[in-house]
Each structure stands twice: as C-alpha cells, then as structure tokens.
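Here the sequence shown stands for residues 28 to 173, numbered as in this note's numbering.
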Amino acid sequence: MIAAIRIRGRVGVPKEIEDTLYLLRLRRKFSCSLYHEDKIVNGMLEKVKAYIAYGKINEETLKVLIEKRGRKKGNRRLDKEEVEKILEEIKKGKKLKELEKEIGIKPFFRLSPPKKGFKKSIKLLWPKGILGNIGDEINNLILRMV
C-alpha cells in the first residue's frame, strides 16, 4: 500500500499537475491518501512527484493514521469497531473509495504540518529533499503529522 502526502500548496501549480493531484484526492496542502500499487497510480505519482511525498506505508502507521485522522461524513470520528473493519478490508485489497460507499469513511486524511518541521529541504527531490518517492521514510513523516 502506498501513502501520498501533498507537501506543496496550490499557488503556481500548472493545470495539468493540479488535475492529476485532484484525481489522486490530494486537493489541499498536507492532505494524505492511500493507494494500492498499480501501474496507473505509479505513473500519476511519478508525474506529480515535485509536489508530493510518497512511499510504502507499514501496518502500524496505517492503524495510527486511520484511528486518529480517519473521518466519516459530517467530520465524525470512527469508533474502534469501524477502525478494525477498515483495516481488515484494506488488507483484503479493498480501496478507500469502495469503503466510502460501505462505511462512509472519507477517502483522504487531513494532516497537520510535521512536528519539529521537515528534516530536509522541501524544495528538492529525494535524496536531498523530502519530495518524491521517499520509501519507508513516509512512515516517520506521517507519525509526525498525525
């Protein structure tokens, strides 16, 4: 499973890139969304890598993300049974978009800016900066932003 976080804002973003970010459900700064690995999704992430950070998310981080930042329609929090059900369904291979129809979870997560700031520059791509495919480092970033 891949997690993507939009790092850069909306100002000065080309229309084509903004449309791709919209399709990825990364419409605001510090919004996060989850995807299963797919050729199409990988191409879209590669196209917008100068505006987002993405990488593989582990199970512990996924559980913390859904517990603390998962919301239903009306901005209501999820209870423990719903969190467990969502985690089981995601492990089976369901997408958040499908779970939105069943449970009512929003297919994106609103995060805060990272505690203690970014460790590296947000203007540069990986390995010098935080943008692009940062691999397992995405887990540390998400835990600081939750």
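Note that CB positions come from ideal geometry on N, CA and C, so glycine has one too.
Pull up the distance between the alpha-carbon of residue i and that of residue j, whole angstroms please.
i, j, result
"M28", "E86", "9 Å"
"K155", "I161", "10 Å"
"L123", "L151", "30 Å"
"R98", "S148", "30 Å"
"E111", "T88", "14 Å"
"E116", "R52", "20 Å"
"I93", "I169", "11 Å"
"K133", "L114", "14 Å"
"R104", "L126", "15 Å"
"P140", "N166", "14 Å"
State yes or no: is the C-beta of residue i within less than 7 Å of the C-beta of residue j?
i, j, result
"K95", "V173", "yes"
"R33", "K56", "yes"
"A30", "L158", "no"
"V91", "L48", "no"
Using DSSP bridges, identify the partner residues of residue i.
i, result
"I32", "C59, A80"
"R104", "R98"
"R137", "S58"
Where does residue i sit, in a helix, a strand or coil, going by DSSP?
i, result
"G131", "coil"
"L53", "coil"
"I149", "strand"
"K99", "strand"
"G159", "strand"
Leaving out the 5 sequence neighbours to the left and right, which residues in its chain are closer than 6 Å to residue i when beta-carbon positions are compared?
i, result
"Y62", "I29, V68"
"G131", "K99, K100"
Apart from the five residues on each side of it in sequence, which residues of its chain come closer than 8 Å, Cβ to Cβ, to residue i?
i, result
"S58", "I32, R33, R52, F135, F136, R137, L138"
"S60", "A30, A31, L51, R52, L53, L123, P134, F135, F136"
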